[in-house]
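Trainee:
There are 2 protein chains.
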Amino acid sequence: MSPELARPQAVAVIGTGVIGRSWIRVFARAGLETRIWDAEPAQIEAAWAWLKADLKRSRREHGLRKRVIREEREHVTRCETLEQALEGVFWVQESGPENLDAKRALYADLDRLAPPKAVLASSTSTLDMTKITEGLAGASRCVIAHPVNPPHVVPVVEVLGGAHTDPLVVRKSVRFMERVGQVPVLLRKYVPGFLLNRMQAALVREALHLVKEGVTTPEGVDAVVRDGLGLRWALLGPFGVANTNADGGLREYFTRYGPSYEMLSKDLTSEFCLTPELIESMGKSVDAANRRLPRDLQRSWRDDMVVRIRELKTLHPAVEPEEDA
Amino acid sequence: MSPELARPQAVAVIGTGVIGRSWIRVFARAGLETRIWDAEPAQIEAAWAWLKADLKRSRREHGLRKRVIREEREHVTRCETLEQALEGVFWVQESGPENLDAKRALYADLDRLAPPKAVLASSTSTLDMTKITEGLAGASRCVIAHPVNPPHVVPVVEVLGGAHTDPLVVRKSVRFMERVGQVPVLLRKYVPGFLLNRMQAALVREALHLVKEGVTTPEGVDAVVRDGLGLRWALLGPFGVANTNADGGLREYFTRYGPSYEMLSKDLTSEFCLTPELIESMGKSVDAANRRLPRDLQRSWRDDMVVRIRELKTLHPAVEPEEDA
Numbered sequence: 001m002s003p004e005l006a007r008p009q010a011v012a013v014i015g016t017g018v019i020g021r022s023w024i025r026v027f028a029r030a031g032l033e034t035r036i037w038d039a040e041p042a043q044i045e046a047a048w049a050w051l052k053a054d055l056k057r058s059r060r061e062h063g064l065r066k067r068v069i070r071e072e073r074e075h076v077t078r079c080e081t082l083e084q085a086l087e088g089v090f091w092v093q094e095s096g097p098e099n100l101d102a103k104r105a106l107y108a109d110l111d112r113l114a115p116p117k118a119v120l121a122s123s124t125s126t127l128d129m130t131k132i133t134e135g136l137a138g139a140s141r142c143v144i145a146h147p148v149n150p151p152h153v154v155p156v157v158e159v160l161g162g163a164h165t166d167p168l169v170v171r172k173s174v175r176f177m178e179r180v181g182q183v184p185v186l187l188r189k190y191v192p193g194f195l196l197n198r199m200q201a202a203l204v205r206e207a208l209h210l211v212k213e214g215v216t217t218p219e220g221v222d223a224v225v226r227d228g229l230g231l232r233w234a235l236l237g238p239f240g241v242a243n244t245n246a247d248g249g250l251r252e253y254f255t256r257y258g259p260s261y262e263m264l265s266k267d268l269t270s271e272f273c274l275t276p277e278l279i280e281s282m283g284k285s286v287d288a289a290n291r292r293l294p295r296d297l298q299r300s301w302r303d304d305m306v307v308r309i310r311e312l313k314t315l316h317p318a319v320e321p322e323e324d325a
Numbered sequence: 326m327s328p329e330l331a332r333p334q335a336v337a338v339i340g341t342g343v344i345g346r347s348w349i350r351v352f353a354r355a356g357l358e359t360r361i362w363d364a365e366p367a368q369i370e371a372a373w374a375w376l377k378a379d380l381k382r383s384r385r386e387h388g389l390r391k392r393v394i395r396e397e398r399e400h401v402t403r404c405e406t407l408e409q410a411l412e413g414v415f416w417v418q419e420s421g422p423e424n425l426d427a428k429r430a431l432y433a434d435l436d437r438l439a440p441p442k443a444v445l446a447s448s449t450s451t452l453d454m455t456k457i458t459e460g461l462a463g464a465s466r467c468v469i470a471h472p473v474n475p476p477h478v479v480p481v482v483e484v485l486g487g488a489h490t491d492p493l494v495v496r497k498s499v500r501f502m503e504r505v506g507q508v509p510v511l512l513r514k515y516v517p518g519f520l521l522n523r524m525q526a527a528l529v530r531e532a533l534h535l536v537k538e539g540v541t542t543p544e545g546v547d548a549v550v551r552d553g554l555g556l557r558w559a560l561l562g563p564f565g566v567a568n569t570n571a572d573g574g575l576r577e578y579f580t581r582y583g584p585s586y587e588m589l590s591k592d593l594t595s596e597f598c599l600t601p602e603l604i605e606s607m608g609k610s611v612d613a614a615n616r617r618l619p620r621d622l623q624r625s626w627r628d629d630m631v632v633r634i635r636e637l638k639t640l641h642p643a644v645e646p647e648e649d650a
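Here the protein sequences come in this chain order: A and B. Per the numbering used here, residue 1 is the first one in the first sequence, and the count goes up by one each step. Per the numbering used here, residue 326 is the first one in the second sequence, and the count goes up by one each step.
Printed below as a string of structure tokens:
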């Protein structure tokens with residue numbers, strides 16, 4: 001019996017920093033045997049300690065049951081060697097350093113040691129899989145699966161292949177991400193920053209400009225997004241919102257407001273105006289706005305609340321209500 | 326006794342289209358006597374019918390009590406004349422047509438008929454108060470209070486004066502918006518699109534570009550925002566998120582990622598690439614993604630869910646947990 005058949009449910013998390021450790025939870029809670037390894041043994045222990053603490057947190061904040069927590073923890077195996085981590089896995093989630101040479105060296109090892117049918121998926125947010133796999137024998141099984149931090153809380157994963165990736169591997173990756181409860185989004189080609197970081201950069205560039213020009217404060221920007229744009233976007237996305245903002249839907253919306261968008265578009269900044277002085281003044285402003293809560297608690301509050309918003313969506317899906325019988 | 330002293334709690338909603346009718350709920354539920362008037366009498370009756378239906382909806386979806394609904398409805402008075410609507414009010418919320426000449430004519434009437442101390446606030450999303458009030462005797466009491474649609478659901482209000490607005494009126498307007506439960510954001514000067522529509526245009530422009538270039542689909546864009554960016558933004562805004570995305574906070578975040586943002590910034594589109602063909606292909610895509618729900622139900626689902634997210638935030642505020650006694 002081949003190792004793949006013997007352990008059809010094993011995955012490897014390679015690199016257990018902030019992103020990698022969160023992937024552990026995604027896979028383990030989906031019932032997969034999850035092997036974890038990092039080039040730095042101390043990182044593995046740090047991830048293990050984080051995992052135990054985060055599971056406790058899930059129990060406290062979201063009522064996760066003791067048995068579920070125990071099962072999730074029991075699905076995780078700390079490995080001493082890369083070989084041990086990769087044995088018999090069908091999926092490798094790599095979250096190593098964001099450096100092309102380091103990635104190329106790592107993918108040579110992964111390709112040599114992982115079972116031939118295993119998919120090698122990278123969490124990279126910046127690199128092009130075509131470049132990572134240049135000259136690699138197993139280039140066809142390499143794919144990017146770029147998560148949002150932290151993936152066990154925020155579900156979107158950007159999925160794209162390189163020039164040598166087998167299209168079947170890309171489709172398999174999309175299905176696998178759905179299977180473990182993420183929301184995969186397929187990119188048909190590489191663009192710097194993929195989708196998420198490009199759209200974020202577009203909004204942040206304009207926001208920095210508005211602060212620098214003295215139109216508003218950093219807290220003003222945050223309030224407009226937090227208590228305005230973001231509330232609707234978190235439910236429908238920008239095109240879904242456009243579709244609900246005119247009786248005739250998206251077509252009417254963009255036909256009617258297209259000219260205003262175009263005019264506004266010409267007035268938006270094209271400069272990226274970040275300076276050390278602006279960073280410092282924004283730092284002061286954000287500190288003042290958040291003085292009620294230390295930063296680590298801001299982060300855990302954010303993640304707890306994202307989970308709660310997702311629970312709300314599950315509880316109240318956007319489907320037609322059933323008629324009363 | 327002057328009318329102001331006799332009725333210190335009366336406001337007028339002038340123009341009762343989609344935005345105006347939603348303002349009625351903001352003021353009436355805050356306990357204010359709310360006079361409503363529209364140049365088109367049929368619009369007043371339409372707003373009244375909407376109000377009754379929306380109150381029922383609030384009862385069904387959010388458990389609003391019967392007594393509270395009755396009180397809110399009793400706070401609203403339909404007026405036959407502008408004079409009647411303005412008598413003794415201290416706040417006028419104008420939501421008339423977005424046309425400079427029409428606004429100038431309307432403000433001449435409002436300024437002539439409203440009590441001298443009443444603030445005249447416009448819901449305009451595009452016009453400059455300096456231009457609306459050119460030559461107007463009461464220019465100093467005119468201010469913009471631009472809401473998000475619908476204001477009784479989405480709380481942000483952009484507040485800004487014109488060149489002739491008394492700074493005290495601007496401050497009073499910010500306080501009044503807080504009093505009625507909105508989230509006012511002060512703009513120190515006029516820029517086209519204010520804050521919200523500029524940031525939205527920046528993101529949407531890039532999103533349209535990514536769809537047109539075939540990098541992804543409209544549903545791909547929506548998923549990235551809905552299940553990624555938007556979830557965090559709805560809680561903290563973009564700078565608040567930056568502050569939680571590095572252990573050293575916003576300063577460390579922008580110092581570390583500033584160069585990546587700058588590089589990405591150069592790669593973002595500067596073209597507004599909307600064409601009728603793109604609109605049609607996006608329309609088809611959005612229709613397919615939303616086939617489970619008719620558009621009017623998409624909109625009411627969106628609004629119900631925004632209310633629920635706001636309730637979540639009230640239930641779980643971002644404050645340090647109290648120590649166990």
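No residue lacks a Cβ here, since even glycine has one placed at the ideal position from N, Cα and C. Keep in mind it's a predicted model, so treat the numbers as computed, not measured.
Thinking C-beta only, is residue 113 of chain A closer than 7 angstroms to residue 83 of chain A?
Mentor: Yes. Within cutoff.
Trainee: So what's residue 617 of chain B in DSSP terms, helix, strand or just coil?
Mentor: Three-state result, residue 617 of chain B: coil.
Trainee: When the distance is taken between beta carbons, is residue 185 of chain A closer than 7 angstroms to residue 550 of chain B?
Mentor: No. Outside cutoff.
Trainee: Roughly how many angstroms lie between the CA atoms of residue 170 of chain A and residue 354 of chain B, to the nearest whole one?
Mentor: Going by the C-alpha atoms only, they are around 52 angstroms apart.
Trainee: From the beta carbon of residue 472 of chain B, is the nearest beta carbon of chain A less than 7 angstroms away?
Mentor: False, the Cβ-Cβ gap to chain A never drops below 7 angstroms.
Trainee: Output yes if chain A places a C-beta closer than 7 angstroms to the C-beta of residue 331 of chain B; else output no.
Mentor: Only weak support exists for where residue 331 of chain B lies, its pLDDT of 45 falling under 50; the coordinates are left without a value.
Trainee: Exposed or buried, which one is residue 146 of chain A when buried takes at least 16 other CB atoms within 10 Å?
Mentor: It is buried - the Cβ of residue 146 of chain A has at least 16 other Cβ atoms within 10 Å.
Trainee: Going by C-alpha to C-alpha distance, which of B/374, B/448, B/425, B/433 sits closest to residue 456 of chain B?
Mentor: Checking every option, the nearest Cα to that of residue 456 of chain B belongs to B/425.
Trainee: Does residue 592 of chain B get closer than 7 angstroms to chain A when you measure Cβ to Cβ?
Mentor: At least one chain A Cβ lies under 7 angstroms of residue 592 of chain B.
Trainee: Can residue 589 of chain B and residue 162 of chain A be called in contact, C-beta distance under 7 angstroms?
Mentor: The answer is no: Cβ separation not under 7 angstroms.
Trainee: What did DSSP end up calling residue 187 of chain A once you bin it into helix, strand or coil?
Mentor: If DSSP states are grouped into helix, strand and coil, residue 187 of chain A belongs with coil.
Trainee: Under 8 angstroms between beta-carbons, which chain B residues line up against residue 198 of chain A? List them in chain order, please.
Mentor: Result: 531, 535, 589, 592, 593.
Trainee: Could you say which of B/593, B/474, B/403 lies nearest to residue 522 of chain B if we only look at CA atoms?
Mentor: That would be B/474, whose Cα lies nearest to the Cα of residue 522 of chain B.
Trainee: Please confirm whether residue 532 of chain B and residue 516 of chain B have their CB atoms less than 7 angstroms apart.
Mentor: Their beta carbons are not under 7 angstroms apart, which means residue 532 of chain B does not touch residue 516 of chain B by this criterion.
Trainee: Among the candidates B/638, B/643, B/641, B/618, whose CA atom is the shortest distance from the CA of residue 317 of chain A?
Mentor: Comparing Cα-Cα distances from residue 317 of chain A to each of B/638, B/643, B/641, B/618, the minimum goes to B/618.
Trainee: Who pairs with residue 79 of chain A in a beta bridge, going by DSSP?
Mentor: Residue 79 of chain A pairs with nothing; no bridge assigned.
Trainee: Taking only beta carbons into account, state which residues of the region 219-234 of chain A come closer than 9 angstroms to chain B, listed in chain order.
Mentor: Answer set for the region 219-234 of chain A: 219, 220, 221, 222, 223, 224, 225, 226, 227, 228, 229, 230, 231, 232, 233, 234.
Trainee: Check residue 22 of chain A in the structure and name its three-state DSSP category.
Mentor: DSSP places residue 22 of chain A in helix when its eight states are reduced to three.
Trainee: So, is the C-beta of residue 298 of chain A closer than 7 angstroms to a C-beta in chain B?
Mentor: True, the Cβ-Cβ gap to chain B drops below 7 angstroms.
Trainee: I want to know whether the region 18-34 of chain A touches the region 89-98 of chain A - three or more CB-CB distances under 8 angstroms.
Mentor: In short, these stretches touch, since the Cβ pair count reaches three.
Trainee: Residues in its own chain within less than 8 angstroms of residue 503 of chain B by CB, not counting five upstream and five downstream?
Mentor: The residues are 509.
Trainee: Please report the straight-line C-alpha distance between residue 319 of chain A and residue 156 of chain A, rounded to a whole angstrom.
Mentor: Computed Cα separation, rounded: 21 angstroms.
Trainee: Jot down the residue ranges of each uninterrupted beta strand (DSSP E) in the region 400-485 of chain B, minimum 3 residues, whole runs only, in chain order.
Mentor: With a minimum length of 3 residues, the continuous beta strand (DSSP E) runs that stay inside the region 400-485 of chain B are 401-403, 416-419, 444-447, 467-472.
Trainee: Using 8 angstroms as the threshold, is the region 595-613 of chain B in touch with the region 240-259 of chain A, meaning 3 or more CB pairs across them?
Mentor: Enough Cβ pairs lie closer than 8 angstroms, so yes.
Trainee: With a 10 Å radius around its C-beta and 16 neighbouring C-beta atoms as the bar for buried, classify residue 534 of chain B as buried or exposed.
Mentor: With 16 or more other Cβ atoms within 10 Å, it is buried.
Trainee: In angstroms with no decimal places, state the Cα-to-Cα distance between residue 41 of chain A and residue 500 of chain B.
Mentor: Cα to Cα, residue 41 of chain A sits roughly 56 angstroms from residue 500 of chain B.
Trainee: Is the shortest distance between the beta-carbon of residue 425 of chain B and the beta-carbons of chain A less than 7 angstroms?
Mentor: Output row for residue 425 of chain B: interface = no.
Trainee: Can you name, in chain order, every residue of its own chain whose Cβ lies under 7 angstroms from the Cβ of residue 304 of chain A, other than the five neighbours on each side?
Mentor: Taken in chain order, the residues that qualify are 61.
Trainee: In chain A, what lies closer than 8 angstroms to residue 631 of chain B by C-beta?
Mentor: Here the neighbours are 231, 232, 235.
Trainee: Could you tell me if residue 5 of chain A is buried or exposed, where buried requires 16 or more neighbouring beta carbons within 10 angstroms of its beta carbon?
Mentor: In this prediction, residue 5 of chain A has a pLDDT of 44, which is less than 50 and means its spatial position is unreliable; what the coordinates show is noted afterwards. The residue is exposed, with fewer than 16 neighbouring Cβ atoms inside 10 Å.
Trainee: Quick check on this structure: which residue in B/351, B/442, B/341, B/595 has the alpha carbon closest to the alpha carbon of residue 202 of chain A?
Mentor: Per the Cα distances, B/595.
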